[in-house]
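Colleague: Residue numbers (our numbering): -3 to 688.
All residues carry an ideal CB built from backbone N, CA and C; glycine is no exception.
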Amino acid sequence: MLTKERIEEIIAELTLDEKLSMIHGNGMFETAGVERLNIPPLIFSDGPMGVRLEFEKDSWEKKGLSDDYVTYLPCNSALAATFNRELAYETGSVLGEEARGRGKDVILGPGVNIKRSPLCGRNFEYFSEDPYLTKELAVEYVKGVQQWDVSACVKHFLANNQETARLEVDTIVDEEVLKEIYMPAFHDVLTRGGCYSLMGSYNRINGKFGSQHTHYLNDVVRDEWGYDGLIVSDWGAVHDTAEAAESGLDVEMSVTPDYDDYFMASPLKKLVEEGRISEELINKKTEHILILMNRLNMLDGERKSGAYNTEEHRKKALRVAEESVVLLKNDKNILPLDKKVKKLLVIGENADKLHALGGGSAELKSLYEISPLMGIKKLLGGNTAVKYVKGYSSDIYRGDVDEKWQERSLDLSFVRVNSSEEADEKMKELRKQLREEALAAAKEYENIIFVGGLDHVPGHDSEGDDRQDIKLPYEQDILIKELLKIRPDMVMVLTGGCAVDMREWIDDSHALLWGWYGGMEGGTAVAEALFGDINPSGRLPETFYHDLSECSAHAIGEYGHRDRVEYKDGIYVGYRYTDKFGITPQFPFGYGLSYTTFECSNAVTDEESSTVTCEVSNTGSRAGKVSILVYMKGGDEAPAGSDAQNDISTIGEPIKVLSGFEKIFLEPGEKKTVTVNITDGVIKGREYFAVV
Ligand code: BGC
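Printed below as a string of structure tokens:
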């Protein structure tokens, strides 16, 4: 490690040009180094779910290598559903070791933006609607990454909760609301988690762009939180040289190779030479880069070498996937299914679809990906005849689903999805045929499993666009309804990063699993849950609404505008809103069944140790894991007749606030005393309660 003094000496030795070359992109994913002083370039890579594939240095041309396949981890929403800090640490650790193994310095994740609406295209990259759950898991994730001499880069700061017009939209939001809902994960990750890097967002917050916001980057992050790590812009999120230079931003990255024209390149040199920007500001930025490099042992000493595609990593990916599956319905114990089934029919495109290479910058080349269909077949073996029919098709997008979309991602007129009436007609015809085939087959099989949901097609779970509504795409509702009419025993598995509208068929569906994007072993985990090799223990990290009107952002009409979105819903996001207004959603936050039953009693709060202790028993006949969720009790329901649009600031505090959680394993009949840590400290005089 270099000393502080040595870092100061290096800065003094650097010329203005050298310093400037370090503070902006010199490649799509790297800055320039300074060879004569042994300062290497800083190499970034995307990868909340695995280290992204290699691009040419100066373009978005994929290199097409055979050596950039990696371990594909479950998405952050899946990780959140585990309610398991240890798994968050392990996920980070796999990512960090692989990033190092691939020669990267900074891995651009985790994304910790709050899921304010189920429409947000990047929800699958984010953890939860709840700031506490998000921060608890993200802190562990970051610690896991950084033990490998790789920096995590928590993103996108701040209030980046929609993809519609993400490059320009102005988010109008109160400071108090930011502090309670949208900032805690960033705060804790940077302070408690010791994260070395932060990424600014594209959007504006209260009038100014996130990646060059003097107030949030300087006053809040640097001064209030005491953060001396790296701040990097989102790719192309800088708009003004002086503002960027004066804000806490250290490195400007973008999507085109005209590096000298970046705001923090020649235009900044000019301002320094004219005396309008002090060289001291450039020194500070350079210092932050050198501090980061020093922390990663890039300047001196021995650096860990990392590894990728190890057996151990794949096992960890499987463990996370297994604990992320959420059992939403299981009437009459339809599940688990009997492994001795002779004839099994699997229906639905998602049974056979691979997801790793989609979603935007979260894409990756997975070493392999077990689809649910393969998971089922490899679990059952050759004595079961498994037939697969597609049932529906996603194939509506023609023209270019542009491979090099990122090159054009700053173009406001860029349309990712093409469609036409003629193509829509053809698709309707095809889907009808697929449905008829599925319905005919459904009558002939002992068991049928439907696997559907969302995918990473632009407009669904994908960067740069929001979903138009929360309906299942591709006429899946029609297919599901018709199938359930003739086979009410049909088991359903849905994949996706956020809630879908289930109203058309949910009352007729009796067995339903939610599988997220479960990574390379996602299909194995789904199959194990279906046939009882694991006992599902995932919980919803977000509210599954019946429809958008139950979600605060939509109830008040403040989501998805192109110019400005006012967060008038305040702190009433997710369950804080549904609770307060007496709304019963389709499935609430924290919901998740098991093949056994649990009970929790005698919760006692201890102010001194900041804990809640309770007794938890497994009252069923199978072993299983269970999460204990501790909430702080708050106010009462909003007075009858309150109007979410106008009265939100006057209705007092939320009814409950998640303040602690723990996950344990219990054999049938076993009882354990569990102590749940209230990480932020028990508030004197407040009541806490525990649920399983
Ligand atoms: C995304 C970031 C990503 C960056 C680099 C941007 O489009 O918003 O999350 O890390 O590109 O690929």
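#1: Using the C-alpha atoms, what's the distance from Asp64 back to Leu49?
#2: State the start and end residues of the unbroken alpha helix (DSSP H) segment that holds Thr306.
#3: Are the stretch 327 to 338 and the stretch 352 to 362 touching by the rule of at least three beta carbon pairs closer than 8 Å?
#4: Evaluate the contact criterion for the stretch 372 to 389 versus the stretch 93 to 104: three or more CB pairs, one atom per stretch, below 8 Å.
#5: Arg98 by DSSP, collapsed to three states: which one?
#6: Would you call Gly395 buried or exposed, if buried means 16 or more other Cβ atoms sit within 10 Å of its Cβ?
#7: Against chain B, does Lys667 count as a neighbour if the rule is that its beta carbon must be under 9 Å from one of theirs?
#8: Can you check whether the CB of Asp101 is closer than 9 Å to the CB of Val146?
#9: Going by the C-beta, is His152 closer than 8 Å to any heavy atom of the ligand BGC?
#10: Does the distance from the CB of Val169 to the CB of Asn119 come in under 9 Å?
#11: As an exercise, report each continuous alpha helix (DSSP H) stretch of at least 4 residues that is fully enclosed by the stretch 22 to 85, in chain order.
#12: Using 10 angstroms around the beta-carbon of Phe661, count the other beta-carbons present and answer buried if the total reaches 16, otherwise exposed.
#13: So which of Gly648, Val496, Asp296, Gly232 has the shortest CA-CA distance to Trp510?
#14: Mind checking which residues open and close the alpha helix (DSSP H) that includes Glu4?
#15: Would you call Gln158 buried or exposed, if buried means 16 or more other Cβ atoms sit within 10 Å of its Cβ?
#16: Quick one: what does DSSP say Gly395 is sitting in, helix, strand or coil?
#17: Under a three-way DSSP split, which group does Ala680 fall into?
#18: From the DSSP output, in three-state form, read off Thr87 for me.
#19: Have a look at Ile482 and Leu363 and give me their C-alpha separation to the nearest angstrom.
#20: Taking just the CA atoms, how far does Phe540 sit from Glu425?
#21: Given this structure, state the Cα-to-Cα distance separating Val251 from Ala686, to the nearest angstrom.
#22: In angstroms with no decimal places, state the Cα-to-Cα distance between Glu242 and Asp296.
#23: Is there contact between the stretch 544 to 559 and the stretch 598 to 613, where contact requires at least three CB pairs shorter than 8 Å?
#24: Determine the direct distance from the alpha carbon of Val626 to that of Leu696, and round the result to whole angstroms.
#25: What number of angstroms, rounded off, separates the C-alpha of Arg288 from the C-alpha of Asp246?
#26: Measure the CB-CB distance between Asn326 and Tyr591 and report whether it falls below 9 Å.
#27: For Leu475, I'd like the list of residues in its chain whose CB is within less than 6 Å of its CB, leaving aside the five on either flank, ordered along the chain.
#28: Residues in the same chain with beta-carbon distance under 7 Å from Pro664, minus the five sequence neighbours each way, listed in chain order, please.
#29: Rounded to whole angstroms, what is the Cα-Cα separation between Val66 and Gly648?
#30: Decide yes or no for the touch test of the stretch 222 to 233 against the stretch 191 to 206: beta carbon pairs closer than 8 Å, at least 3 of them.
#31: Report the residue ranges of all alpha helix (DSSP H) runs contained in full by the stretch 179 to 203; include only those spanning at least 4 residues, in chain order.
#32: Hey, would you say the C-beta of Asp42 is under 8 Å away from at least one heavy atom of the ligand GDP?
#33: What does the Cβ neighbour count give for Gln692, buried or exposed, with the cut at 16 atoms within 10 Å?
#34: Within 10 Å of its beta-carbon, does Thr282 have 16 or more other beta-carbons around it, so buried, or fewer, so exposed?
#35: Would you report the Cα separation of Arg682 and Ala634, rounded to the nearest angstrom?
#36: What does the alpha-carbon distance come out to for the pair Asp13 and Arg2?
Modeller: Straight from the coordinates:
#1: 5 Å
#2: Thr306 -> no alpha helix (DSSP H), and no H or E assigned at all.
#3: no
#4: no
#5: coil
#6: Any reading at Gly395 needs caution, since the residue's pLDDT is 47, under 50, leaving its predicted position unreliable; the model's value is listed next. Its Cβ having fewer than 16 others within 10 Å, Gly395 is exposed.
#7: Given the protein chain composition of this structure (a single chain), no chain B is represented.
#8: yes
#9: yes
#10: no
#11: Considered as a whole, the stretch 22 to 85 harbours 72 to 78 as its complete alpha helix (DSSP H) runs of no fewer than 4 residues, in chain order.
#12: A residue is called buried once 16 or more other Cβ atoms fall within 10 Å of its Cβ, and Phe661, having fewer, is exposed.
#13: Nearest C-alpha to Trp510 among Gly648, Val496, Asp296, Gly232: Val496.
#14: 0 to 9
#15: It is buried - the Cβ of Gln158 has at least 16 other Cβ atoms within 10 Å.
#16: Model confidence at Gly395 stands at a pLDDT of 47, short of 50, so the residue's coordinates are unreliable; what they give is reported in the following sentence. Three-state DSSP puts Gly395 in coil, outside helix and strand.
#17: The amino acid at residue 680 is misidentified as Ala; the sequence shows Lys. Reduced to three states, the DSSP call for Lys680 is coil.
#18: Correct three-state label for Thr87: helix.
#19: 39 Å
#20: 32 Å
#21: Roughly 48 Å separates the two Cα atoms.
#22: 30 Å
#23: no
#24: Absent from the model: residue 696. The displayed extent of the chain is -3 to 688, so no value can be given.
#25: It should be pointed out that residue 288 corresponds to Leu in this sequence rather than to Arg. Going by the C-alpha atoms only, they are around 11 Å apart.
#26: yes
#27: Gly387, Tyr388, Arg431
#28: Thr592, Asn614, Gly616, Ser617, Arg618, Ala619
#29: Cα to Cα, Val66 sits roughly 48 Å from Gly648.
#30: With a cut-off of 8 Å, the stretch 191 to 206 and the stretch 222 to 233 count as touching, because enough Cβ pairs lie within range.
#31: 180 to 186
#32: Of the ligands this structure carries, namely the ligand BGC, none is the ligand GDP.
#33: Since the first residue of the chain shown is -3 and the last is 688, residue 692 is not available in this structure.
#34: buried
#35: 20 Å
#36: Between the alpha carbons of Asp13 and Arg2 lies a gap of roughly 20 Å.
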